[in-house]
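Below: one structure, written as structure tokens.
Residue numbers (my numbering): 67 to 206.
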């Protein structure tokens, strides 16, 4: 059975790292609209920030003429599903190194996707890695 799709919210950002600051008021508005608790608020903000930052820096290579689009859809009563899409060439998520392996523990980067997977309810890549879809179950 398909979940009922309820009204969505969206945001389009030029690929400028300064635009990351626009995510906090976006998530704050969602917090009030959907009754998101404080723990979930920070998890959503962190995962969304990682996804958008990856789109800006890795997907669109910082090209300010390219956009990163965020779309939110509430499914049913308790699931928020986010989609973040960039205009880059994509990547193969299967080729990401495991940041928890002993050899990578001291690496300064490479943990963003891992954190996104750990903090969200579900996470998947589509469109050759140009689109990431992740969800959070609302605490009711």
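All C-beta atoms in this analysis are idealised placements derived from N, C-alpha and C, irrespective of residue type, glycine included. A quick note: this is a predicted structure, and the numbers were derived from the prediction, not measured.
Quick check on the DSSP output: the beta strand (DSSP E) that includes residue i runs from which residue to which?
i	result
residue 189	188–192
The alpha helix (DSSP H) that contains residue i, what's its start and end?
i	result
residue 145	Per DSSP, residue 145 belongs to no alpha helix (DSSP H); it is in the beta strand (DSSP E), 145–151.
residue 178	178–185
residue 114	104–120
residue 89	89–100
Going by the DSSP bridge assignment, what does residue i pair with across the sheet?
i	result
residue 133	80
residue 198	150 and 191
residue 140	146
residue 203	145
Using a Cβ-Cβ cut-off of 6 angstroms (strictly less than) and excluding sequence neighbours within five positions of residue i, which residues of its own chain qualify?
i	result
residue 125	152 and 154
residue 165	176, 177 and 180
residue 135	78 and 151
residue 111	93
residue 194	156
Please return the same chain residues whose Cβ sits closer than 7 angstroms to the Cβ of residue i, not counting the five positions on each side in sequence.
i	result
residue 115	86 and 89
residue 192	199
residue 118	79, 86, 89, 134, 136 and 150
residue 196	125, 151, 152, 154 and 156
If residue i sits next to residue j, beta carbons under 8 angstroms apart, how far is it from one beta carbon to the other, in whole angstroms?
i	j	result
residue 205	residue 106	6 angstroms
residue 188	residue 113	That pair is no contact at about 11 angstroms.
residue 202	residue 109	7 angstroms
residue 100	residue 140	7 angstroms
Whose C-beta lies closer than 8 angstroms to the C-beta of residue i among residues of the same chain, with five residues either side of it excluded?
i	result
residue 84	none
Check your understanding: Between the region 120–134 and the region 159–172, do at least 3 Cβ pairs fall closer than 8 angstroms?
Key -> They do not touch, by the three-pair rule.
Check your understanding: Is it true that the region 168–184 meets the region 140–147, where meeting means three or more beta-carbon pairs spaced less than 8 angstroms apart?
Key -> no
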